[in-house]
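Step one of this worksheet: look at the structure below.
Protein chains: 2
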Amino acid sequence: MHRCSMYDELIIVRNFNVLRYYTQCIFRLNNNNPHIIMKCSIPKGTRDFLPLEMARRNYIFETIRNVFKMFAFEPIETPSIENLSTLMGKYGEEGDKLLFKILNSGDFMKDVDFSQDYHKVVPHICERGLRYDLTVPFARFVVQHRDDLVLPFRRYQLQPVWRADRPQKGRYREFYQCDADMIGSESLLNELELVQMIDAVFSQLNVGVTLKINNRKILAGIAELVGAPNLLIDITVAIDKLDKIGLDAVKAELAERGLTQPQIELLNPIFELNGSPADKLNQLEKLFEGIEVGQKGVSEMRELFGYIQSVQPSCSVELDLTLARGLNYYTGAIFEVKANNVSIGSICGGGRYDNLTGIFGMPNVSGVGISFGADRIYDVLTELNGFPEGLSQSARVLFINFGEAEQAYVLKCAAQFRANGIATLVYPDATKMKKQMDFANRKNIPFVLFVGESEITNHTVTIKNMLTGEQQTLPLLDAIAMVK
Amino acid sequence: MHRCSMYDELIIVRNFNVLRYYTQCIFRLNNNNPHIIMKCSIPKGTRDFLPLEMARRNYIFETIRNVFKMFAFEPIETPSIENLSTLMGKYGEEGDKLLFKILNSGDFMKDVDFSQDYHKVVPHICERGLRYDLTVPFARFVVQHRDDLVLPFRRYQLQPVWRADRPQKGRYREFYQCDADMIGSESLLNELELVQMIDAVFSQLNVGVTLKINNRKILAGIAELVGAPNLLIDITVAIDKLDKIGLDAVKAELAERGLTQPQIELLNPIFELNGSPADKLNQLEKLFEGIEVGQKGVSEMRELFGYIQSVQPSCSVELDLTLARGLNYYTGAIFEVKANNVSIGSICGGGRYDNLTGIFGMPNVSGVGISFGADRIYDVLTELNGFPEGLSQSARVLFINFGEAEQAYVLKCAAQFRANGIATLVYPDATKMKKQMDFANRKNIPFVLFVGESEITNHTVTIKNMLTGEQQTLPLLDAIAMVK
Numbered sequence: 325m326h327r328c329s330m331y332d333e334l335i336i337v338r339n340f341n342v343l344r345y346y347t348q349c350i351f352r353l354n355n356n357n358p359h360i361i362m363k364c365s366i367p368k369g370t371r372d373f374l375p376l377e378m379a380r381r382n383y384i385f386e387t388i389r390n391v392f393k394m395f396a397f398e399p400i401e402t403p404s405i406e407n408l409s410t411l412m413g414k415y416g417e418e419g420d421k422l423l424f425k426i427l428n429s430g431d432f433m434k435d436v437d438f439s440q441d442y443h444k445v446v447p448h449i450c451e452r453g454l455r456y457d458l459t460v461p462f463a464r465f466v467v468q469h470r471d472d473l474v475l476p477f478r479r480y481q482l483q484p485v486w487r488a489d490r491p492q493k494g495r496y497r498e499f500y501q502c503d504a505d506m507i508g509s510e511s512l513l514n515e516l517e518l519v520q521m522i523d524a525v526f527s528q529l530n531v532g533v534t535l536k537i538n539n540r541k542i543l544a545g546i547a548e549l550v551g552a553p554n555l556l557i558d559i560t561v562a563i564d565k566l567d568k569i570g571l572d573a574v575k576a577e578l579a580e581r582g583l584t585q586p587q588i589e590l591l592n593p594i595f596e597l598n599g600s601p602a603d604k605l606n607q608l609e610k611l612f613e614g615i616e617v618g619q620k621g622v623s624e625m626r627e628l629f630g631y632i633q634s635v636q637p638s639c640s641v642e643l644d645l646t647l648a649r650g651l652n653y654y655t656g657a658i659f660e661v662k663a664n665n666v667s668i669g670s671i672c673g674g675g676r677y678d679n680l681t682g683i684f685g686m687p688n689v690s691g692v693g694i695s696f697g698a699d700r701i702y703d704v705l706t707e708l709n710g711f712p713e714g715l716s717q718s719a720r721v722l723f724i725n726f727g728e729a730e731q732a733y734v735l736k737c738a739a740q741f742r743a744n745g746i747a748t749l750v751y752p753d754a755t756k757m758k759k760q761m762d763f764a765n766r767k768n769i770p771f772v773l774f775v776g777e778s779e780i781t782n783h784t785v786t787i788k789n790m791l792t793g794e795q796q797t798l799p800l801l802d803a804i805a806m807v808k
Numbered sequence: 325m326h327r328c329s330m331y332d333e334l335i336i337v338r339n340f341n342v343l344r345y346y347t348q349c350i351f352r353l354n355n356n357n358p359h360i361i362m363k364c365s366i367p368k369g370t371r372d373f374l375p376l377e378m379a380r381r382n383y384i385f386e387t388i389r390n391v392f393k394m395f396a397f398e399p400i401e402t403p404s405i406e407n408l409s410t411l412m413g414k415y416g417e418e419g420d421k422l423l424f425k426i427l428n429s430g431d432f433m434k435d436v437d438f439s440q441d442y443h444k445v446v447p448h449i450c451e452r453g454l455r456y457d458l459t460v461p462f463a464r465f466v467v468q469h470r471d472d473l474v475l476p477f478r479r480y481q482l483q484p485v486w487r488a489d490r491p492q493k494g495r496y497r498e499f500y501q502c503d504a505d506m507i508g509s510e511s512l513l514n515e516l517e518l519v520q521m522i523d524a525v526f527s528q529l530n531v532g533v534t535l536k537i538n539n540r541k542i543l544a545g546i547a548e549l550v551g552a553p554n555l556l557i558d559i560t561v562a563i564d565k566l567d568k569i570g571l572d573a574v575k576a577e578l579a580e581r582g583l584t585q586p587q588i589e590l591l592n593p594i595f596e597l598n599g600s601p602a603d604k605l606n607q608l609e610k611l612f613e614g615i616e617v618g619q620k621g622v623s624e625m626r627e628l629f630g631y632i633q634s635v636q637p638s639c640s641v642e643l644d645l646t647l648a649r650g651l652n653y654y655t656g657a658i659f660e661v662k663a664n665n666v667s668i669g670s671i672c673g674g675g676r677y678d679n680l681t682g683i684f685g686m687p688n689v690s691g692v693g694i695s696f697g698a699d700r701i702y703d704v705l706t707e708l709n710g711f712p713e714g715l716s717q718s719a720r721v722l723f724i725n726f727g728e729a730e731q732a733y734v735l736k737c738a739a740q741f742r743a744n745g746i747a748t749l750v751y752p753d754a755t756k757m758k759k760q761m762d763f764a765n766r767k768n769i770p771f772v773l774f775v776g777e778s779e780i781t782n783h784t785v786t787i788k789n790m791l792t793g794e795q796q797t798l799p800l801l802d803a804i805a806m807v808k
């Protein structure tokens, strides 16, 4: 029903005189025949996924999805295309530039004044764009369906997003996000469950990770401590670089960003914090005497780390005051996950936001959420050689095709294998045996089945294990049990 | 990691003076608070899917995907965004208009001559577009990855496609296609397997369907029979309307489309064909004396219907010469599936094409495929009330939250439920019991769990069946076994 004419213009491709229309394609001559195969390509920053990659990606998605389900998150989907009025202005000026914008349909151009700056032209020719993340569409979704949602509400969403970013290693223009958010409850048990989910996903994937946790309120407390609450972002951005550039360089940057020398000295106890999360929180509590927001942050983290201790996650969980991601919108806990033995940046992140739907004028919707970066997790598992064997098996058994005489029996057998949940292939053509066996080898099909006159008479099949070379003749049901 | 600042512009929304920027939004005053909730919306022809719809859609997708897997089809995915050079000219002039085109990035407009006709402007401002179907991207995929594919190759692909069509009931601008194609073999066993797959999908979904089969070569034979091979499309388009408009009107249309009265009379035996598929094929064989293409069509259909008889599908399979879908590209068998008791048009279709990749200059890749229309199948199941119960269950059990004293034990119990594959919710706040029970009822959670002092002491939980009202106190493992 969804297929449309794709051969209307076939004649054009075959007509060498009009090949010039395909100026963006590179042609190469195929010596075996007179046809010219076009060099097909896809847009920069996008990817095709072949069966093996699909199997590996689905392994990651299924692991994440299953953990989301166990924690009773419910799936939703939103359209790929949103109104630009929903998307624009939500990701900062830089984000607006990275939105893929869709040209309006029809002959709308004649009324547009193209002599203006192109920024002013765009809104007249594009009303819709591709979603940039899953968070703003979720906020829009919550506002739009607020009468249908029972709070507290937990949703998960695994869908692609698009960004007109400059493509580079590990950064694509189309990629999947795997988000889980819980809204309508301020309880720190929600944060705990996110920690448990992170732990479950990476345990199941066999990836050793470190989860770093911080709290926006502690960072605000630090800014108050030095008497520069307006420099909160500057201070945390500088502190965030401690690992990379060292203490002296951080202090230099703090001075550059407007802190006085005495203010910088006030930060020394922060740089000298040490011990377990509980120890650090005790030291912070003393420093934050009289600083309400800092005390609130310490008490939240104390409660959360208390919960964490009681559930004993298998990954290591750290309190890391240099963690400064998402400061524009996170208001409480901040999470970041890094793989222990692969240097690739964060593979999961999230945090608490007090005002998800404020951008659409609906106040008081607090939430907390995380986002798994499936593409980076894929890279980590590749580097660790961590994908299970046999993920991409297309067919588990192949029936060799000897021709018409055996066909009815083979079809009956194949149907029984399939009814037992076994992915089954009947070689479609009665070609040479060697070609069919080659096919089984190249496709890594583990069992090959032969059916001849005696098998038909005795209701058996002859089955060959392609790995061991072992071959035996068995009743049909025994063969099914053997490969199942 | 994929979250970007969404609150940068929060201040704008809150500042009533600049609300005029959101001219496309309708605002309404919320009497309970001074905030203004924007009327959020999504583009025409697109949809949000809430958890219940998601569960139902996934039920359809999973059924289809599982059948594809049993027949050893392998998954692939292609990018949503393709180069317009790949897409344009493949769907006819009408299709080109329905492509969603993506505006190039950056300030590229200054060099464009906007005084031209807009058709000439578009290629200068848009180089990429959203895919229109999964067939052309698959053809592009086969050409691009031809060195990595082992033929015969079977792929399935479940992804959304986009068309700037006028939205109407059952027709969307973003919708999923579920395609399975097998390439590199001309054996009619492939066609048979598609028939078996159609039968399996609709049997598993419990939808009674009729599968209609035709063959392009038979239609070509008919056109030759009346001496008007050039009018093949006209003849079949007219015959296609037999059911709707009746024989006289069809004959009038045939005359209008250029057939002479004697030619129309030659079609009478075609209109009078009757009996089983085998009977019809015998009658056709006689009519097609000396018409090679027609004879070939008859022999192909005879072989296919022979196979079909040997596997005895549970759906009814008809030879229907009025079936004329996809004539622009199908070269052999043509399939169409209709639900027996719901009038909604076709819910699955497909056919044999001799030259999938010819559009990209790569010849001799024959294939056959089908596409399931998930959206219409959804509508059919809705009308038949055919979705299984309990699909959308978010949580199977809810732990009531009584406060801190029980928390550690509750968290331990919840972890064990989850480890046993049971979707488990701990109510995040220690609010009033009534509110928590209300929540369980509104969310249709079937079991509610209570943990107090005595449960902790005895390592038990008290479990309430929300349907029957029955309540009992059980050891933890027994409770898990009960709800599993």
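Just so you know, the sequences run in chain order A and B.
My numbering puts the first residue of the first sequence at 325, with every later residue one more than the last.
My numbering puts the first residue of the second sequence at 325, with every later residue one more than the last.
Where is the CB? At the ideal position from N, CA and C, for every residue including glycine.
Note that the coordinates shown come from a computational prediction; the quantities given were computed from them, not determined experimentally.
Nearest-angstrom beta carbon gap, residue j and residue i [assumed within contact, 8 Å]
i                       : j                      : result
arginine 497 of chain A : glycine 369 of chain A : 3 Å
alanine 747 of chain A  : alanine 719 of chain A : 5 Å
leucine 590 of chain A  : leucine 645 of chain A : Actually they do not touch by this definition, with Cβ atoms about 14 Å apart.
glycine 669 of chain A  : glycine 693 of chain A : Not quite, the Cβ-Cβ distance comes to about 19 Å (not below 8 Å), so this is no contact.
Counted within 10 angstroms of its Cβ, other Cβ atoms place residue i as buried (16 or more) or exposed
i                         : result
leucine 791 of chain B    : exposed
alanine 803 of chain B    : buried
lysine 610 of chain B     : exposed
glycine 582 of chain A    : exposed
lysine 808 of chain A     : exposed
asparagine 530 of chain A : exposed
methionine 506 of chain A : buried
serine 409 of chain B     : buried
leucine 801 of chain A    : exposed
leucine 475 of chain B    : exposed
glutamine 501 of chain A  : buried
proline 586 of chain B    : exposed
Where residue i meets chain B, residues with beta-carbon distance less than 7 Å
i                      : result
leucine 513 of chain A : Val750, Pro752
Chain-ordered neighbours of residue i on chain B, where CB pairs are closer than 9 Å
i                        : result
glutamine 468 of chain A : Lys363, Cys364, Ser365, Ile366, Asp372
cysteine 275 of chain A  : Nothing can be reported for residue 275 of chain A, as the shown portion of chain A is limited to 325 through 808.
leucine 555 of chain A   : By Cβ distance, chain B contributes nothing, its closest Cβ being about 18 Å from leucine 555 of chain A, past 9 Å.
lysine 425 of chain A    : Ile426, Leu427, Ser429
serine 527 of chain A    : Chain B residues near serine 527 of chain A: none, gap ~11 Å exceeds 9 Å.
First and last residue of the uninterrupted beta strand (DSSP E) at residue i
i                            : result
alanine 663 of chain B       : 657 to 663
alanine 504 of chain A       : 498 to 507
glutamine 483 of chain A     : 477 to 486
phenylalanine 392 of chain A : That residue, phenylalanine 392 of chain A, is in no beta strand (DSSP E); its alpha helix (DSSP H) goes 375 to 394.
glutamine 636 of chain A     : No beta strand (DSSP E) contains glutamine 636 of chain A, which DSSP labels as neither H nor E.
tyrosine 442 of chain B      : Segment 442 to 449 is the alpha helix (DSSP H) holding tyrosine 442 of chain B; no beta strand (DSSP E) there.
methionine 362 of chain A    : 360 to 362
Partner residues on chain E for residue i, Cβ-Cβ distance less than 7 Å
i                     : result
serine 718 of chain B : In summary, chain E is missing from the structure at hand, where the protein chains are A and B.
Proximal chain A residues relative to residue i, where beta-carbon distance stays under 8 Å
i                      : result
lysine 393 of chain B  : Ala747
alanine 488 of chain B : Ser429
glycine 494 of chain B : Within chain A, no residue comes near glycine 494 of chain B; the closest Cβ sits about 10 Å away, beyond 8 Å.
7 Å Cβ cut-off: residues of chain A touching residue i
i                       : result
arginine 464 of chain B : Cys364
Please list the residues of the region 621 to 646 of chain A that have a C-beta atom closer than 9 Å to any C-beta atom in chain B, keeping them in chain order. From the region 621 to 646 of chain A, only Tyr631, Ser634, Val635 have a Cβ closer than 9 Å to chain B.
Between the region 395 to 414 of chain B and chain A, which residues of the former have CB atoms less than 8 Å from a CB of the latter, in chain order? Against chain A - using a Cβ distance shorter than 8 Å - the residues of the region 395 to 414 of chain B are Phe395, Ala396, Phe397, Glu398, Pro399, Ile400, Glu401, Thr402, Pro403, Ser404, Ile405, Glu406, Asn407, Ser409, Thr410, Gly413, Lys414.
Closer than 7 Å, Cβ to Cβ, to anything on chain B: give me those residues from the region 375 to 386 of chain A, in chain order. Residues of the region 375 to 386 of chain A that bring their beta carbon within less than 7 Å of a beta carbon in chain B comprise Pro375, Met378, in sequence order.
Selection of the region 430 to 444 of chain A by Cβ proximity to chain B, strictly under 9 Å: From the region 430 to 444 of chain A, only Gly430, Asp431, Phe432, Met433, Lys434, Val436, Phe438, Ser439, Asp441, Tyr442, His443 have a Cβ closer than 9 Å to chain B.
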